[in-house]
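**Q** In this text, residue positions in the sequence shown follow my numbering: the first is 41, and each later residue adds one. Dumping the structure here so I can ask a few things about it.
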Amino acid sequence: MQVLLIIVATSCAADRQSQRDTVWAAHFTSAADRIEARARSVGMARLHDVRAEQAELRGWMETVSKEMALGGAEAQGPGHYALACGERALGRETEALAQLDAAWNAGFRDPRVAWVRAQILSERYRVLRMEAIAAPDGDERKAREEDAESRYREPVLTLLRQAAGAEFPSTDYGAALVAMHEERLDAALELLEAVGRKHPWFVEARLMRADVLLLRAAWHWRQQRRKETGEDMTAAFQAFTDARATAESFAPAHLAMGRYQAAGMKLVRTHFDGTVFMLSSEDDDKPGPAQTGLAAMDAATQVDPGDAGFACEKARFLTMLAERPNSYGALLSLRSRAVEAAQHTLALDPTSACGRMERTRVMVQETEKVLQESPVDFYKLQEALSLLDAVPPSGRDLAYHLLRARLLHLWTEADLQAGSWRAGSKGWQHQEQAIEAYRSVVALEERVPAYWVRLGELLLARASNPTAKDVDEDLEQAGVAVSNALKGGSTKAPEVWLLWAHHDVAHALRKRAQGETAPWRFEQAAQNIRNALINDTHNPTLHHELGLVLLEHARELWEHGGDPTALIDQAEAAQVQAAKRAPSQYLGKVGQAAVHAARAEYAWWRGADPTEEAERADAFYSQARPFFRTQKNQQFVGRMKVSHLLAHQLLEQGQDPEPVLKRPWEGLDIMGRIGQDPVLRHRATGAMSGLRARHSARTDPEKAEKEFLSAEKSYEEALQVEPLNREIRLEEGHLFREWAVVRKAAKQDPEPLLVKGLTLADVLLKERPNWPEALLLRAAILRTKDPASPQAREDRDAALKANANLAPGWRRQFPEDGPKAP
Numbered sequence: 041m042q043v044l045l046i047i048v049a050t051s052c053a054a055d056r057q058s059q060r061d062t063v064w065a066a067h068f069t070s071a072a073d074r075i076e077a078r079a080r081s082v083g084m085a086r087l088h089d090v091r092a093e094q095a096e097l098r099g100w101m102e103t104v105s106k107e108m109a110l111g112g113a114e115a116q117g118p119g120h121y122a123l124a125c126g127e128r129a130l131g132r133e134t135e136a137l138a139q140l141d142a143a144w145n146a147g148f149r150d151p152r153v154a155w156v157r158a159q160i161l162s163e164r165y166r167v168l169r170m171e172a173i174a175a176p177d178g179d180e181r182k183a184r185e186e187d188a189e190s191r192y193r194e195p196v197l198t199l200l201r202q203a204a205g206a207e208f209p210s211t212d213y214g215a216a217l218v219a220m221h222e223e224r225l226d227a228a229l230e231l232l233e234a235v236g237r238k239h240p241w242f243v244e245a246r247l248m249r250a251d252v253l254l255l256r257a258a259w260h261w262r263q264q265r266r267k268e269t270g271e272d273m274t275a276a277f278q279a280f281t282d283a284r285a286t287a288e289s290f291a292p293a294h295l296a297m298g299r300y301q302a303a304g305m306k307l308v309r310t311h312f313d314g315t316v317f318m319l320s321s322e323d324d325d326k327p328g329p330a331q332t333g334l335a336a337m338d339a340a341t342q343v344d345p346g347d348a349g350f351a352c353e354k355a356r357f358l359t360m361l362a363e364r365p366n367s368y369g370a371l372l373s374l375r376s377r378a379v380e381a382a383q384h385t386l387a388l389d390p391t392s393a394c395g396r397m398e399r400t401r402v403m404v405q406e407t408e409k410v411l412q413e414s415p416v417d418f419y420k421l422q423e424a425l426s427l428l429d430a431v432p433p434s435g436r437d438l439a440y441h442l443l444r445a446r447l448l449h450l451w452t453e454a455d456l457q458a459g460s461w462r463a464g465s466k467g468w469q470h471q472e473q474a475i476e477a478y479r480s481v482v483a484l485e486e487r488v489p490a491y492w493v494r495l496g497e498l499l500l501a502r503a504s505n506p507t508a509k510d511v512d513e514d515l516e517q518a519g520v521a522v523s524n525a526l527k528g529g530s531t532k533a534p535e536v537w538l539l540w541a542h543h544d545v546a547h548a549l550r551k552r553a554q555g556e557t558a559p560w561r562f563e564q565a566a567q568n569i570r571n572a573l574i575n576d577t578h579n580p581t582l583h584h585e586l587g588l589v590l591l592e593h594a595r596e597l598w599e600h601g602g603d604p605t606a607l608i609d610q611a612e613a614a615q616v617q618a619a620k621r622a623p624s625q626y627l628g629k630v631g632q633a634a635v636h637a638a639r640a641e642y643a644w645w646r647g648a649d650p651t652e653e654a655e656r657a658d659a660f661y662s663q664a665r666p667f668f669r670t671q672k673n674q675q676f677v678g679r680m681k682v683s684h685l686l687a688h689q690l691l692e693q694g695q696d697p698e699p700v701l702k703r704p705w706e707g708l709d710i711m712g713r714i715g716q717d718p719v720l721r722h723r724a725t726g727a728m729s730g731l732r733a734r735h736s737a738r739t740d741p742e743k744a745e746k747e748f749l750s751a752e753k754s755y756e757e758a759l760q761v762e763p764l765n766r767e768i769r770l771e772e773g774h775l776f777r778e779w780a781v782v783r784k785a786a787k788q789d790p791e792p793l794l795v796k797g798l799t800l801a802d803v804l805l806k807e808r809p810n811w812p813e814a815l816l817l818r819a820a821i822l823r824t825k826d827p828a829s830p831q832a833r834e835d836r837d838a839a840l841k842a843n844a845n846l847a848p849g850w851r852r853q854f855p856e857d858g859p860k861a862p
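Rendered as structure tokens:
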């Protein structure tokens, strides 16, 4: 009997507990329904500021929180569910998910909890898919799609199974969600059409249908089904329009339209009715996609003017448009409006990572444009970096690191335009920061080849710097970037082939600097660029790059005694193609100039007259119209080399070289002279003074001495900046020998000059053993000291055995001692 009483008492207690649970569940689910109904009625009202209604909802949520405190443990689960519905109605998804987790963990396992959670995650999935469609790079798009699938597909499907019976307003909507996440887009659309017919007020179904149509349009586009793409995009646009008309004060509907326009512009590039998919002109009868998207973003901010997230979505849309404006006026307008939107975002929320990033993005865009036309405002770059550095670690996602890397890469380019930089300089530091920024990018996302390409090119640029110390390590790391870029992507973009080619050329040049040879690297580099041209034959840059590789290969062949004629002809053909595809661009002109300059140089070394080819080269260099300072320096170097070849030829004919020596300088304005790279300037003046000295020595030894002194001073100033520059030291060595010859003829002591030259030659040969040019320098100096020097003959024979092409030049210096060409 006592046992029976205990059982009955326990059962009654359990019943009372169950009753309390049921009462609280009913109470709070009713509160949740009331919150959702109120939010829906507000959203379906005419467009207006909803902050007053939101305050009302927050008041209801405060009441729920107080009731939860009074209700004890039994009230926690359903109470958190009601709060989750409130947070969702306020557009606070993260907080809503936290409340749903709390409800589930408190034991409230009602299917409605799973249903709300499934809806939130599914909406996030669709936003990610829209962002993936809007990604400018195909491989980046694929990676984002994979992320959306891996992050949300199974969780949403699991939640939908748990939510069976709770689907609102119909089971068809739940089935459509399942179909969408299983990539059964046609089935999802059929179900959503049925939901729309039965429940025209259910705006979520309209928005989901529009998203599914856009997903299917993207699939059609990849299959090159242009007609089907246009049909689905038109239908999606209409669905978004209907959703906005149904719920004018429902901000997500307006934001969805903006995302649709952004995705569409990036997907198809042109409007599906054939018009340019950008800003419309003032006399257009209908607004273009950009105006429609902006109007939608404006509507979202009107619904809740105090929402920093909405304000930043508008800023992001504006900066996206500014990436490729259809006119300069539109560019200025877009940037101005983007700045205003970003600043408004930060005024609403000073800690907004999005606001900081979009403000930075505008400054980056402005600097990228300015870089082509005028000096860069480095204070603006510092301001942009400070904005990014203020973003807390929690906000530093992939987009953050990409923007920071882009900013630092731009700063590196700006430093280079302001003047070439060496190890330890600010430009060098910014390049190191850019490299580390891209390392952070690929650490977060290694599947996108474009990111590896940018990292690899930066590493190769650092390795090519004359003052670089860890060249081999940078080349090795660039090789890793090449391998990863080749792994990613179903098809290799031209940039990937080009990086591979640049890496091969860098390795070949490194071998050359070490006294070794790797001609196969040049062959592979040329083939890689030809591979890039298969799918991008109209790209002038690729033709230009191919021409440059062939010229370097020609030099490699020439330096080992071969005939470079065939390779130079191929290089000329490539540069002609570059000029044909971009007649007004700098690349084609300077490329053809480089070809004729190479022919002139090799003609001079063969003992032929280089004048005709040199004049052609100078004409092409003169026609080039460089934008960047590096291009201006490149143009000057080309003209300088050509003028020196002509000067040598004139000197051998007993003529004054002064007119041709002045040519490169006449093309420079005052700002060009001031901004010129110091090493380039000092090397040019040194060579020019040396040639003047040789001419003056015939009639005015005193003037020649002054010119020689000036030349030595210029070379030394160049070597103070780049002490390891071998080409400059080789030129200075020849200067000392020529100077010594003049002094010897004037019955003066040449020994100090010969010692200086011999010291330079010995050091060069220690750094690069068996370098033919350095061997001939030492042989010439020793021959000047002692015509019978055995070491001079040994060095001469070794040099000409390695490169028979140098024999005519030796005979030009020492006709009485010139051996026959091997």
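Here a beta-carbon is modelled for each residue, glycine too, at the ideal position from N, C-alpha and C. Please read all numbers here as calculations on a predicted model, not as lab measurements.
Kindly indicate the opening and closing residues of the alpha helix (DSSP H) around Phe854.
**A** Unbroken run through Phe854: none, as it is neither H nor E.
**Q** Going by Cα to Cα distance, which pick from Ser754, Trp645, Arg256 is closest to Asp226?
**A** The candidate whose alpha carbon is nearest that of Asp226 is Arg256.
**Q** With a threshold of 6 angstroms (Cβ to nearest heavy atom), would Pro118 be considered close to the ligand GTP?
**A** Only the bare structure without any ligand can be found here, which leaves the ligand GTP out of the picture.
**Q** Locate the alpha helix (DSSP H) running through Lys753, then write down its first and last residues.
**A** Looking at the DSSP string, the run of the alpha helix (DSSP H) that includes Lys753 is 741–761.
**Q** For the region 454–485, which segments carrying the beta strand (DSSP E) assignment without a break, of at least 3 residues, lie completely within its bounds, in sequence order?
**A** The region 454–485 contains no whole beta strand (DSSP E) run of 3 or more residues.
**Q** Ordered along the chain, which non-local residues of its own chain (more than five positions away) have a Cβ less than 8 angstroms from that of Val7?
**A** The chain is shown from 41 up to 862; residue 7 falls before or after that span and cannot be answered.
**Q** As an exercise, report each continuous alpha helix (DSSP H) stretch of at least 4 residues that is fully enclosed by the region 348–423, in chain order.
**A** Listed in chain order, they are 348–362, 368–388, 393–410.
**Q** Whose CA, out of Pro390, Ala188, Gly205, Ala634, lies closest to the CA of Asp658?
**A** For Asp658, the nearest C-alpha among the options comes from Ala634.
**Q** On a CA-only basis, which of Ala279, Leu253, Trp259 is nearest Asp272? Give me that one, please.
**A** It is Leu253.
**Q** Touch check for the region 532–539 and the region 482–497: three-plus C-beta pairs under 8 angstroms?
**A** At 8 angstroms Cβ cutoff, the stretches touch.
**Q** Going by DSSP in three states, Val243 sits in which element: helix, strand or coil?
**A** Helix.
**Q** Helix, strand or coil for His578, going by three-state DSSP, please let me know.
**A** Residue state, collapsed to three classes: coil.
**Q** Taking 7 angstroms as the cut-off, decide whether the C-beta atoms of Asp835 and Ala819 are in contact.
**A** In this structure, Ala819 lies closer than 7 angstroms to Asp835 by Cβ.
**Q** For Ser162, count neighbouring Cβ atoms within 10 angstroms of its own Cβ and tell me buried if that reaches 16, exposed if not.
**A** By the neighbour-count rule (16 or more Cβ atoms within 10 Å), Ser162 is buried.
**Q** Do the CB positions of Gly631 and Gln617 come within less than 7 angstroms of each other?
**A** No. Outside cutoff.
**Q** With H, G and I counted as helix, E and B as strand and the rest as coil, what does DSSP make of Ser434?
**A** Correct three-state label for Ser434: helix.
**Q** May I ask you to report which of helix, strand or coil DSSP gives Leu168?
**A** If DSSP states are grouped into helix, strand and coil, Leu168 belongs with the helices.
**Q** For Leu627, collect the residues of the same chain with a Cβ closer than 7 angstroms to its Cβ; drop the 5 residues on either side in sequence, then sort them by chain order.
**A** Same-chain partners within the cutoff: Pro580, Thr581, His584, Ala618.
**Q** Three-state secondary structure (DSSP) at Asn568?
**A** Correct three-state label for Asn568: helix.
**Q** Going by DSSP, what residue range makes up the alpha helix (DSSP H) through Lys532?
**A** Counting along the chain, Lys532 falls outside any alpha helix (DSSP H), and DSSP gives it neither H nor E.
**Q** Tell me whether Leu793 sits in a helix, a strand or coil according to DSSP, three-state version.
**A** DSSP places Leu793 in helix when its eight states are reduced to three.
**Q** Who are the Cβ neighbours of Lys551 in its own chain at under 8 angstroms, not counting the five residues just before and after it?
**A** Answer for Lys551: Thr557, Ala558, Arg561, listed in chain order.
**Q** Between Lys466 and the rest of its own chain, which residues show a CB-CB distance below 7 angstroms, the 5 nearest in sequence each way excluded?
**A** Around Lys466: Asp455.
**Q** Taking Ala351 as the reference, give the member of Gly395, Ala370, Lys238 with the closest Cα.
**A** Taking only the C-alpha atoms, the option nearest Ala351 is Gly395.
**Q** Measuring only the C-alpha atoms, how far is Glu752 from Gln716?
**A** Approximately 20 angstroms, taken between the alpha carbons.
**Q** Would you identify the three-state DSSP class for Arg552, choosing helix, strand or coil?
**A** Arg552: helix per DSSP, three-state reduction.
**Q** Return helix, strand or coil for Glu194, following the three-state DSSP convention.
**A** Glu194: helix per DSSP, three-state reduction.
**Q** With 7 angstroms set as the bound, which would you pick, yes or no: does the beta-carbon of Met305 sit closer than that to a beta-carbon of chain D?
**A** Judged by its chain identifiers, the structure shown contains no chain D, having just a single protein chain.
**Q** Across the region 780–796 and the region 806–817, are there enough close Cβ pairs to call them in contact, namely three or more that are closer than 8 angstroms?
**A** As far as the Cβ criterion goes, the region 780–796 does not touch the region 806–817, which means the pair count is below three.
**Q** Quick one: what's got a C-beta closer than 6 angstroms to Ala724's C-beta in the same chain, skipping five residues either side?
**A** Within the same chain, Ala724 has close Cβ partners Met680.
**Q** With a CB to CB cut of under 7 angstroms and the five nearest residues on each side skipped, what residues in its chain are close to Glu813?
**A** Result list for Glu813: Leu770, in chain order.
**Q** Compute the Euclidean distance between the alpha carbons of Asp55 and Phe68, then round it to the nearest angstrom.
**A** Low confidence applies here, because Asp55 scores a pLDDT of 46, under 50, leaving its location unreliable; read the following figure in that light. The alpha-carbon atoms of Asp55 and Phe68 are separated by roughly 20 angstroms.
**Q** Report the option in Glu762, Leu816, Gln760, Glu757 whose CA atom is closest to the CA atom of Arg777.
**A** Of Glu762, Leu816, Gln760, Glu757, the residue nearest in Cα terms is Leu816.
**Q** Would you kindly work out how many angstroms separate the C-alpha atoms of Arg851 and Trp645, rounded to a whole number?
**A** C-alpha separation (whole angstroms): 10 angstroms.
**Q** Of all the beta strand (DSSP E) runs that stay within the bounds of the region 110–159, which reach a length of 3 or more residues?
**A** Complete beta strand (DSSP E) runs here, min 3: none at all.
**Q** Expressed to the nearest angstrom, what Euclidean distance is found between the alpha-carbon atoms of His578 and Trp259?
**A** When rounded, the distance between both Cα atoms is 27 angstroms.
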